[in-house]
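If you read the protein sequences in the order shown, they are chains U and V.
If you want the numbering used here, it's the position in the first sequence, counting the first as 1, plus 1440.
If you want the numbering used here, it's the position in the second sequence, counting the first as 1, plus 1440.
2 protein chains.
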Amino acid sequence: MPTIYDVAREAGVSAATVSRVLNGAQTVDPAMVARVLTAVRELGYRPNAVARNLRRSRTTLWAVIISDIGNPFFTATVRGIEDVAQQAGYSVVLCNSDENPAKEETYVAAALSEQMAGVIIASSGSVKAAKSLLESPIPVVAIDRELPRGVVDTVVVDNVAGARMGTEHLLAAGYRRIACITGPKGVSTADLRLRGYTEALPGQPEQERIVVRTDFREQGGYDAMASLLSSSDRPDAVFVANNLMTVGALRCLAERGVDVPGEMGLVGFDEIPWADLVRPSLTTVAQPTYELGRMAARLLVDRIATPSAKAATVVLPAELRPRQSSTR
Amino acid sequence: MPTIYDVAREAGVSAATVSRVLNGAQTVDPAMVARVLTAVRELGYRPNAVARNLRRSRTTLWAVIISDIGNPFFTATVRGIEDVAQQAGYSVVLCNSDENPAKEETYVAAALSEQMAGVIIASSGSVKAAKSLLESPIPVVAIDRELPRGVVDTVVVDNVAGARMGTEHLLAAGYRRIACITGPKGVSTADLRLRGYTEALPGQPEQERIVVRTDFREQGGYDAMASLLSSSDRPDAVFVANNLMTVGALRCLAERGVDVPGEMGLVGFDEIPWADLVRPSLTTVAQPTYELGRMAARLLVDRIATPSAKAATVVLPAELRPRQSSTR
DNA sequence: ATGAAAGCGCTAACAA
DNA sequence: TTGTTAGCGCTTTCAT
C-alpha cells in the first residue's frame, strides 16, 4: 500500500502539501493540487484512516449498539440514524448485542478502544457496559431503553401511556380478564409497559392482575402464552409488551386453535411490518421508529459539538393501531 | 485519557513491560504483572486500539456489508457470521448499503481506509465498490450475490435449482400460466432465479413466459403484481424471486381480494419468519441462512490465514417448504 | 504557499 | 526478564 510519502515523491512535493490537498486546504497552488491528484490516481493511493485517527485523536465512526438485529423496531430506527449520520459526515457501524450483556460489553469496549466518535445504545441491561460508557469521555445517546444509572441524552417513547392505551383498548372491547406478558425486570421498557398496563386496571386488586415476565424474544412469548392458556385462571385477553413476544404468542394461539379475537383478545407493543397481513390482523401500539432514530442521531451530533451541555430526554408519542385481534 | 506511559510511571516500569503484560507475554515477572495490573485498574487505563492498529498494521474488525438490514435473510446470516467471528477473535461491524451503490461505495472505502481485517459483502451491484475491494490487499468473501467481475471466495445458495424447484412445484399443483417477478438485471440472484424459472418451463415458447423485473424491495413486488393482475394475459400463479417482493405481492393480492391459492398460486424465494402465520400460509424456497453466514465467516478466517490460496465457491442447497399458497 | 520536523500511543527489535 | 529506541502514516505547528 502506498503511503503519503510515496505520493509526495511522485508529485515532487512534501507530504504536508499532499495532506493539505487531500484535506481541502484553500492555501495550495492550483498547479500543486493538480500534480498531487494525478499522483494519487496513478498510485491508487488511499489515506490510512488509522494513522489519521491517531494523529487527530478522533474518528468519524459511530457505534450503534442494538439488542436484536432481527427486531424490525431496530432496523427502522437504524435507518433514521444512518440518514442523519451520513449527512453529518459520520459512518455508522452496527453492533448486535443479541440481548447478551457479555456481547454488549465486548462491543462497548471495542467502541471505546477504537475511539469512536460517538455511541448510540439500546441497553441490554448490562450495568458494566453502562459504567464503561459513562466513565469515558465518549458522547453517548441511549435509545429505546434508559441506560442503567445513566444521565445521558435519551430518546424513548412514552411507554407508560402506550401500554395504558393498549390495555384500555382491550377493556373497551369488553375483555375482562386481561393478562400482561412483559420483559425482564430492570429493563426499562419492560417495567414501564407493565406500569402502563397496571394503571389501566385501577379497580383491580393487585392479585387480580395476571403478569408473566420472560425475555423479549419470540420463544419467551410463546412459552408465556402457553402457561397462560393452561393456568387455572385463564385470561380472555393479553397485552404483550413487545413485537417478538407477540409473534410467539400468536404462534402459540394458532397452534392450539384458540380463536382470536373471540376466545382471546391480543394487543402487542411495537409495530410489526406484516401486522396487517396475518389473519386476524394484529392490533399494535406503534412507535415512530424512524423519527426516533433521527432524533437520537441529532442529539449525538449536538453532544459531540457541545460535550458539556445538559443531558436531554426526548419522549416521543406511541400510537394505537386498532385491528382485528382486539375486536370481538 | 491515560496512556501506556501513565501506567508505566504509576507502576514504576517501562512502557514495553506494560505492553507485554497487556498482551499476555509469558516472559514477565509475576510481581511486575501485579503492579502493572494494579496501575491499570487505578488509572482506568484502556489501550488505544487506533495506535495499536497503526503499529501492528492490522485490526481485529470485520466489515459486513449487506444490502438491506430489514431483510430477515440478512439478519439470520449475520448471526452466523458473528458466531464464528467472535470465536476467532474478531468483532463484526455491520454496514447497511440499502441496495444503494453509492452507500456501498462509501462503506467499502471506509472499510479499506480503516484497514479492516476482512470484508464480507452482499453486493448491491456496484462495479466501483467491487473494483476497490479486488484491487486492495484486504481479504474478501462474497455472499448471496457474486461480486461483479470478481474472483473471490463466495458463498451462495443454488439459485437455479431452487427457482426451478419452486416453479415445478406450481406446475405440479396444476397451474399453467406461471409468471415470474425477479430483481434487477446484473444482480446474480435475480438472473439465476429467473433462469431456474425458465428451465422449469421447457415446453413454453419464449413469449409465453411472463417476466417482470423490478427492484428487490416490497414496493417493487407490489407494483409488479398489480401490473400482472391488470394485464391482458393474467397469470394463474407467480414465482417471486425474493422475500420482500413476495410480501409486496401478497399485500397487493390481499387488498384486491384475489383468492390465493384459488385464483392465484404463489411461491416465494427466501424464507420469511412469519410465512406460516399468514392465511394462506406461504410456500417458500428456503435458504440455510445461518449456515451460509457461518460458512462465509470460516472462509474469511482461512483467507486471512492464507491470502494466496485459491478462491473457493461454496454452493449450499435450497429447500422447498410447501404451504397453502400453492395448493389448490 | 510550501517544507521541515515533531509527535499522536503503541509494539517490537535489539541491547543489556 | 527488562528497558531503550525507532517507527507505523498521518497532521499540524512553526519557520521560511
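Note that the Cβ used here is the ideal one computed from N, Cα and C, for glycine as well.
* Asked: If you run the structure through DSSP and keep just helix, strand and coil, what is asparagine 1493 of chain U?
  -> Helix, per DSSP.
* Asked: For the stretch 1724-1744 of chain V against the stretch 1574-1592 of chain V, are there 3 or more C-beta pairs whose distance is under 8 Å?
  -> yes
* **Candidates V/Ala1528, V/Ala1603 and V/Ala1525: closest to asparagine 1683 of chain V by CA position** => V/Ala1603
* To do: Assign phenylalanine 1679 of chain U to one of three DSSP states: helix, strand, or coil.
  => Here phenylalanine 1679 of chain U sits in strand by DSSP.
* Excluding the 5 residues preceding and the 5 following alanine 1613 of chain V in the sequence, name in chain order all residues of the same chain whose CB lies nearer than 7 Å to its CB. => Gly1705, Ser1766, Thr1767 and Arg1768
* **Residue range of the alpha helix (DSSP H) that includes aspartate 1593 of chain V** => Per DSSP, aspartate 1593 of chain V belongs to no alpha helix (DSSP H); it is in the beta strand (DSSP E), 1593-1597.
* Asked: Helix, strand or coil: how does DSSP classify serine 1671 of chain U here?
  -> coil
* Can you tell which of V/Tyr1547, V/Asp1598 and V/Arg1492 has the C-alpha that lies nearest to the C-alpha of serine 1507 of chain V? -> V/Tyr1547
* How about glycine 1464 of chain U: is its C-beta nearer than 8 Å to some C-beta of chain V? -> no
* To do: For the stretch 1681-1701 of chain V and the stretch 1615-1635 of chain V, state whether three or more C-beta atom pairs, one from each stretch, are separated by less than 8 Å.
  => yes
* Asked: Looking only at its own chain, which residues have a Cβ that is under 6 Å from the Cβ of asparagine 1493 of chain U, when we skip the five neighbours before and after it?
  -> Exclusion of the five residues before and after asparagine 1493 of chain U leaves Thr1499 as the residues of its chain whose Cβ lies within less than 6 Å of its Cβ.
* To do: Consult DSSP for isoleucine 1444 of chain U and reduce its assignment to one of helix, strand or coil.
  => Isoleucine 1444 of chain U falls in the helix class under three-state DSSP.
* Asked: What are the start and end residues of each continuous alpha helix (DSSP H) run of 4 or more residues lying completely inside the stretch 1620-1645 of chain V, in chain order?
  -> Those alpha helix (DSSP H) runs which fall completely within the stretch 1620-1645 of chain V and span 4+ residues are 1628-1640.
* Starting from the N-terminal side, write out each stretch of the alpha helix (DSSP H) that is 4 residues or longer and does not extend beyond the stretch 1456-1538 of chain U. => DSSP assignment within the stretch 1456-1538 of chain U yields the following whole alpha helix (DSSP H) runs of 4 residues or more, N-terminal first: 1470-1483, 1489-1496 and 1512-1527.
* Asked: Looking at methionine 1735 of chain U and the ligand SAM, is the gap between the Cβ and the nearest heavy atom below 7 Å?
  -> The ligand SAM is absent from the structure shown, which contains no ligand whatsoever.
* **Cα-Cα separation, proline 1642 of chain V to leucine 1611 of chain V** => 12 Å
* Asked: Exposed or buried, alanine 1664 of chain U, counting other C-beta atoms within 10 Å across all chains shown (16 or more means buried)?
  -> buried
* Is valine 1453 of chain V helix, strand or coil by DSSP? -> If DSSP states are grouped into helix, strand and coil, valine 1453 of chain V belongs with coil.
* Asked: Are there three or more Cβ pairs, one per stretch, closer than 8 Å when the stretch 1728-1740 of chain U is compared with the stretch 1508-1517 of chain U?
  -> yes
* Asked: Looking only at C-alpha atoms, which of V/Ser1576, V/Val1581, V/Thr1638 and V/Val1627 sits nearest to glycine 1606 of chain V?
  -> V/Thr1638
* **When V/Asp1469, V/Ile1712, V/Val1461 and V/Ala1471 are compared against proline 1487 of chain V, the one with the closest alpha-carbon** => V/Val1461
* Does any CB atom of chain U fall closer than 8 Å to the CB of arginine 1763 of chain V? -> no
* To do: Could you tell me the boundaries of the beta strand (DSSP E) in which glutamate 1711 of chain V lies?
  => Here glutamate 1711 of chain V belongs to no beta strand (DSSP E), and DSSP marks it neither H nor E.
* Asked: Applying a beta-carbon distance threshold of less than 8 Å, which residues of chain U neighbour leucine 1690 of chain V?
  -> At a beta-carbon threshold of 8 Å, the residues of chain U lying near leucine 1690 of chain V are Leu1717, ordered along the chain.
* To do: Just confirm the distance between the C-beta atoms of serine 1564 of chain V and asparagine 1540 of chain V, as a whole number of angstroms; I'd bet it's less than 8 Å.
  => 7 Å
* To do: Step through the CB atoms of chain V and report whether any lies within less than 8 Å of the CB of glutamate 1575 of chain U.
  => yes
* Please list the partners that tyrosine 1547 of chain V has in chain U, where partner means a Cβ-to-Cβ separation under 8 Å. => Ser1531
* For leucine 1552 of chain U, the first and last residue of its enclosing alpha helix (DSSP H) -> 1541-1553
* Residue range of the unbroken beta strand (DSSP E) whose run includes glutamate 1731 of chain V -> Premise fails: glutamate 1731 of chain V lies in the alpha helix (DSSP H), 1729-1745, not in any beta strand (DSSP E).
* To do: Can you grab the Cα-Cα spacing for the pair glutamate 1608 of chain V / alanine 1715 of chain U, in whole Å?
  => 31 Å
* Partner residues on chain U for serine 1553 of chain V, Cβ-Cβ distance less than 9 Å -> Arg1486, Pro1487, Asn1488, Ala1489, Val1490 and Arg1492
* To do: Express the C-alpha separation of serine 1537 of chain U and proline 1512 of chain U in angstroms, rounding to a whole number.
  => Approximately 15 Å, taken between the alpha carbons.
* Does leucine 1534 of chain V get closer than 8 Å to chain U when you measure Cβ to Cβ? -> yes
* Asked: Do you know offhand how far isoleucine 1712 of chain V's Cα is from proline 1442 of chain V's?
  -> 49 Å
* Helix, strand or coil for glycine 1590 of chain U, going by three-state DSSP, please let me know. => Glycine 1590 of chain U sits in coil when the DSSP states are folded into three classes, being neither helix nor strand.
* Which chain V residues are close to alanine 1550 of chain U, counting only those with a beta carbon under 7 Å from its beta carbon? -> Ser1531
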